[in-house]
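Residue numbers (the numbering used here): 217 to 568. From the three backbone atoms N, C-alpha and C, an ideal C-beta is built for every residue, glycine too.
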DNA sequence: AATACGGGGTA
DNA sequence: TACCCAGTATT
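This is the structure we're talking about:
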């Protein structure tokens with residue numbers, strides 16, 4: 217009886233060789249393999265949740281400059297952390313990061329998977345990533361890249377989370393767990409991409425069941441997503457583009473950020489009625505309609521009617537507030553109007 | 001097991 | 001437009 221050779225060691229060797237030659241140089245990959253700086257890795261992993269690396273890079277350096285170590289992060293205000301996170305989305309990440317920094321500043325960094333998992337904002341993926349990259353622990357990550365790479369490798373169109381985790385655990389290099397995790401994610405991000413995979417350049421092509429079917433992009437099947445909900449709201453701009461009345465948003469949506477006082481229209485309600493109710497709450501006097509802004513989020517399409525208003529409420533400096541893209545658009549509405557007022561004489565002068 | 005939670009990139 | 005991104009917390 218000749219045993220069929222176990223393909224896993226060959227597969228590991230092929231991907232790790234590819235990673236050593238073609239892996240990405242990223243700023244959170246400083247230091248020895250398996251002994252990365254836990255602070256740098258942790259911040260990066262939170263920042264990269266549901267965020268593409270190219271985008272995360274834009275925030276990472278600025279964030280580490282503002283908060284060079286966990287002590288600096290713990291000592292900062294939540295609003296300062298949100299300001300550094302401004303525009304990046306999923307702001308609960310920033311709030312949880314700041315909360316966890318307080319815990320770490322008091323208790324020290326966790327030293328293993330379970331310790332990381334106990335921190336706010338750290339789930340199975342992040343705990344596996346940090347414990348493998350910073351502590352050399354043998355924990356297999358399961359993210360969007362891993363899901364796609366393994367679904368294709370094994371030709372599984374509808375992998376469950378448990379199915380992915382089981383395969384990831386079995387494949388994980390016990391010798392270089394951190395490098396293995398980085399390697400699978402790099403492969404998924406640069407070669408085994410969702411729409412146009414570069415199978416000719418893939419070190420796992422010879423092992424890939426999805427490639428053998430001829431339609432690798434059919435794996436995994438698209439996830440069903442919640443429908444986009446249309447939402448209508450009114451906001452008031454009391455002040456100008458530089459200083460305005462701002463409120464801290466509570467609740468889940470954009471929670472913790474500042475923004476123009478806003479009120480969502482209840483069903484059947486008109487913008488005028490909502491404006492009246494909003495101004496009554498603020499003890500403000502409603503003014504003219506400045507315009508509407510459309511803002512698309514993953515799960516909703518917001519139409520915001522922006523009105524001028526007057527009140528004696530204290531104004532805040534817009535530039536130092538942490539604002540969502542939606543509020544920047546609303547403030548931009550006023551800027552555009554001012555620009556057009558200035559633009560007329562300018563156009564008369566410049567006769568190119 | 002579903003849903004909420006941002007904003008932007010890619011084909 | 002459709003689908004996705006180094007997911008987590010809550011319900």
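For residue i, is the classification buried or exposed, using 16 other Cβ atoms within 10 angstroms of its Cβ as the cut-off for buried?
i           : result
residue 560 : At residue 560, the pLDDT of 35 sits below 50, so the modelled position is not reliable; the number obtained from the coordinates is stated separately. Classification of residue 560: exposed, given that the 10 Å Cβ count is below 16.
residue 525 : buried
residue 259 : buried
residue 400 : buried
residue 540 : buried
residue 375 : buried
residue 497 : exposed
residue 613 : The question about residue 613 has no answer, for the chain in this structure spans 217 to 568.
residue 348 : buried
residue 514 : exposed
Under 6 Å Cβ to Cβ from residue i, same chain only, skipping five residues before and after it: list those, please.
i           : result
residue 448 : 481 and 519
residue 417 : 407
residue 343 : 329, 332 and 333
residue 576 : Residue coverage of the chain in this structure runs from 217 to 568, which leaves residue 576 outside it and unanswerable.
For a quick check, are the C-beta atoms of residue i and residue j less than 7 Å apart?
i           : j           : result
residue 228 : residue 389 : yes
residue 315 : residue 336 : yes
residue 250 : residue 394 : yes
residue 341 : residue 359 : yes
residue 368 : residue 424 : yes
residue 500 : residue 450 : no
residue 432 : residue 419 : no
residue 254 : residue 334 : no
residue 436 : residue 373 : yes
residue 307 : residue 472 : yes
residue 299 : residue 546 : no
residue 272 : residue 280 : no
residue 453 : residue 522 : yes
residue 549 : residue 507 : yes
residue 289 : residue 270 : no
residue 287 : residue 322 : no
residue 402 : residue 240 : yes
residue 405 : residue 517 : no
residue 491 : residue 502 : yes
For residue i, collect the residues of the same chain with a Cβ closer than 7 Å to its Cβ; drop the 5 residues on either side in sequence, then sort them by chain order.
i           : result
residue 380 : 358, 362, 363 and 366
residue 261 : 342, 345 and 346
Run through DSSP, which three-state label would residue i get?
i           : result
residue 523 : strand
residue 413 : coil
residue 303 : coil
residue 501 : strand
residue 256 : helix
residue 613 : As displayed, the chain neither begins before 217 nor continues past 568, which places residue 613 out of reach and without an answer.
residue 507 : strand
residue 245 : coil
Starting from the C-beta of residue i, find all residues in its chain whose C-beta is less than 8 Å away, skip the five residues before and the five after it, and write them out in chain order.
i           : result
residue 532 : 459, 460, 461, 462 and 474
Is any heavy atom in the ligand PLP found nearer than 6 Å to the beta carbon of residue i?
i           : result
residue 407 : Ligands in the displayed structure: none, and consequently the ligand PLP is not present.
Mind listing, in chain order, the continuous alpha helix (DSSP H) runs of no fewer than 4 residues lying wholly within the stretch 357-390? 360-369 and 377-387
Inside the stretch 418-480 only - alpha helix (DSSP H) runs reaching at least 4 residues: 425-429
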